[in-house]
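Asks: Under our numbering, the letters of the sequence shown match residues -12 to 176, in that order.
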Amino acid sequence: MFADTPIELRTSVVLPVPAYALGRYTGARRRAILELKEHGRTDLTNPIGLALATALRTLDRWSELPGSTHLVLIPAPTRWWAARRRGGDPVTALAAAAAAELGSGVFVKPVLVTSSWARDSAGLSAPERGENLSGAVRVRRGADLAACGGAAVVLLDDVLTTGSTAAHSIDVLRRAGVEVHLVLVVAAA
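#1: If you check the beta carbons only, do Leu60 and Val95 fall under 9 Å apart?
#2: Given this structure, state the Cα-to-Cα distance separating Val0 from Ala154, to the nearest angstrom.
#3: Counting pairs of beta carbons, one from the region 80 to 99 and one from the region 24 to 43, are three or more of them closer than 8 Å?
#4: Which two residues bound the contiguous alpha helix (DSSP H) that contains Leu142?
#5: Quick one: what does DSSP say Pro3 is sitting in, helix, strand or coil?
#6: Roughly how many angstroms separate the alpha carbons of Leu142 and Leu39, rounded to a whole number?
#7: What is the C-beta distance between Ala6 and Val170, in whole angstroms, given that I count them as a contact (C-beta under 8 Å)?
#8: How is the alpha helix (DSSP H) around Val78 delimited, first residue to last?
#9: Pull up the distance between the alpha-carbon of Ala163 and that of Thr65, whole angstroms please.
#10: When you compare the CB positions of Pro53 and Ala139, do they come within less than 9 Å of one another, or not?
#11: Looking at C-alpha atoms only, which residue of Thr41, Ile(-6), Arg128, Glu51 is the closest neighbour of Ala86?
#12: Mind listing, in chain order, the continuous beta strand (DSSP E) runs of no fewer than 3 residues lying wholly within the region 28 to 73?
#13: Does Pro(-7) pass the burial test, meaning 16 or more other C-beta atoms within 10 Å, or should it be called exposed?
#14: Taking its Cβ as the centre, do 16 or more other Cβ atoms sit within 10 Å of Trp68, making it buried, or is it exposed?
#15: Is it buried or exposed, Ser156, if we count other Cβ atoms within 10 angstroms and call 16 or more buried?
#16: Can you tell me whether DSSP reads Thr101 as helix, strand or coil?
#17: Would you mind listing the alpha helix (DSSP H) stretches within the region 148 to 174 that are 4+ residues and don't spill past its ends, in chain order?
Below you can see the structure in the form of structure tokens.
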């Protein structure tokens, strides 16, 4: 279902770091993401997390990650109401499954949130997504960013469409003193 070799992405919104996906948002990959997010199929978390861990090992072997004794996985932001409706944040669950597979020295830091006034981005164009997210992505109040210092930092998400969410997230993290080294997603739309 999931490729073991990540593919590099080009997005309509230019990202300051490389972005990779396990594959395209089609077929079994698309169905798995929808089942996980919209139908509570938590049994898919571990297999997708394993695929993400495998991709991270490959990206490390390709020298896409800086040499570090620690890896921090930051899930892309979500709206609290979406996480509540879904019984939790699926992207954070995927990050936790990947971290468990990768072992000690890997930390999941769900430090980003999206303001409740931002609309769901499905169906929005790249400019509309950018406008919608402008000022909406922020670091969670009281978030502990200390583990990010000196670590390789990866922004994780389920689907990358235009790159707006990733770009805003990277910018917010940079302003908070966190350098993101790459973006990894399950699927590229």
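Here a beta-carbon is modelled for each residue, glycine too, at the ideal position from N, C-alpha and C. The structure displayed is predicted, hence computed values, not measured ones.
Replies: Here's the rundown:
#1: yes
#2: 7 Å
#3: yes
#4: Not the alpha helix (DSSP H): Leu142 falls in the beta strand (DSSP E), residues 139 to 147.
#5: coil
#6: 12 Å
#7: 4 Å
#8: 77 to 89
#9: 18 Å
#10: yes
#11: Thr41
#12: 58 to 62
#13: buried
#14: Confidence in Trp68 is poor, its pLDDT being 47 and thus under 50, which makes the residue's placement unreliable; the coordinate value appears in the next sentence. Trp68 comes out exposed.
#15: buried
#16: strand
#17: 151 to 162
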